[in-house]
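Just below is one structure, and these are the notes that go with it.
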Amino acid sequence: MAGTIVADTLTHSTAGSIATNYVVEGSAKAWVQLNGSTFAIAGSFNVSSADDNGTGDYDINYTNSMNTNTYAVPAGCNGDGSGYNRAISINAVATGSHDIITFITDTANIKSDLDIISTAIHGDLA
Amino acid sequence: MQTPDFKGTHLFDRLCWAKKHLEPVQSDYRAVFEDSVDECAKILVPDPNWMACALQGGILPPVWVYHELAKDEAQPDFKKHTRGYLLHETEPMPAMTEEEAIEYLIMKDIPQSVWQNWDEGNRPKMVICKKEQLPATRTWRNAWRISDELNLAA
């Protein structure tokens, strides 16, 4: 097929080889960066929408669903101007979406809208 | 730009094509909904890359495909999807207007219990509005409800 390379292994001239299934299975299947303070989507892939559920509580909905709900959801966050430590938590996971919560950790862990919220998903697509 | 004939092409591959060739479209539309009397109003924001796909046509599957997958996932013995092929092998949707895309997105990403009978209660459970109609700041965000003003403006 035009534009397609079929290969089971990639080999570097000095650094060794890697099976291509590591590349296929290891790639992020979706990612998004949100601004929780303005609730705008700054950048994304394989995301259909985001839900603002309230302060520090957001759903991410996918265009191409995942095969199971046992996929991995790395996430990170930063910035609300308070100077407090911040954290992000995965609240719920379904094959078509996941729910994340952001909060500041120095004030009884209250939910907080943060300026940068990044999350991705790794696993098998439906 | 003409969309390639994507019928039978994996949806993920179509999204890769779209990411490379289509400019993201920031929609001003928002869907505000209440799916619990105990919780504040929620706001659905369309993804700009998804909106570009919807307006382009020939990329996204029909919304009923997602409903079928949701039915499968709701089964008590659900472990993994066995009908994921519906996403990839169903004839893609033609180009939509922005308004049609919002309707599609509501049916895809908002619970059916909200949009199926959104105006049958004492007050509407959902409103489509413009971003500018929402409060300018997030003060008292957890107390936001669908207001009469917002309802009339929808």
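Chains as they are written, first to last, in the working numbering: chain A, 178 to 303; chain B, 306 to 459. Glycine included, C-beta positions come from ideal geometry on N, C-alpha and C.
Chain-order list of chain B residues neighbouring asparagine 223/A: Phe317, Leu320, by C-beta distance under 8 angstroms. Contiguous alpha helix (DSSP H) elements confined to the region 407–439 of chain B occur at 417–420, taking only those with 4 or more residues. For threonine 282/A, the closest Cβ of chain B is not nearer than 8 angstroms. Contact annotation for serine 259/A against chain B: no contact, minimum CB-CB distance about 14 angstroms [criterion: below 9 angstroms]. No Cβ-Cβ contact shorter than 8 angstroms links isoleucine 281/A with alanine 252/A. Not one beta carbon of chain A lies nearer than 8 angstroms to the beta carbon of glycine 313/B.
When DSSP assignments are scanned along the region 180–246 of chain A, the uninterrupted stretches of beta strand (DSSP E) that are 3 or more residues long and fall wholly within it turn out to be 186–189, 193–196, 207–212, 217–222, 224–231, 234–239. Secondary structure at valine 337/B: strand, using DSSP grouped into helix, strand and coil. For cysteine 321/B, the enclosing alpha helix (DSSP H) starts and ends at 316–326. The continuous stretches of alpha helix (DSSP H) do not include histidine 275/A, which lies in the beta strand (DSSP E) extending over residues 274–281. Inclusion of leucine 349/B and valine 370/B in the CB contact set at 8 angstroms is not warranted, their separation being larger than that value. Here DSSP, grouped into helix, strand and coil, assigns proline 353/B to helix.
The C-beta of methionine 431/B has 16 or more other C-beta atoms within 10 Å across all chains shown, which makes the residue buried. DSSP places valine 250/A in no beta strand (DSSP E); its state is neither H nor E. For alanine 375/B, the enclosing alpha helix (DSSP H) begins and ends at 368–378.
Interface residue (Cβ-Cβ distance to chain A less than 8 angstroms): aspartate 333/B is not classified as such.
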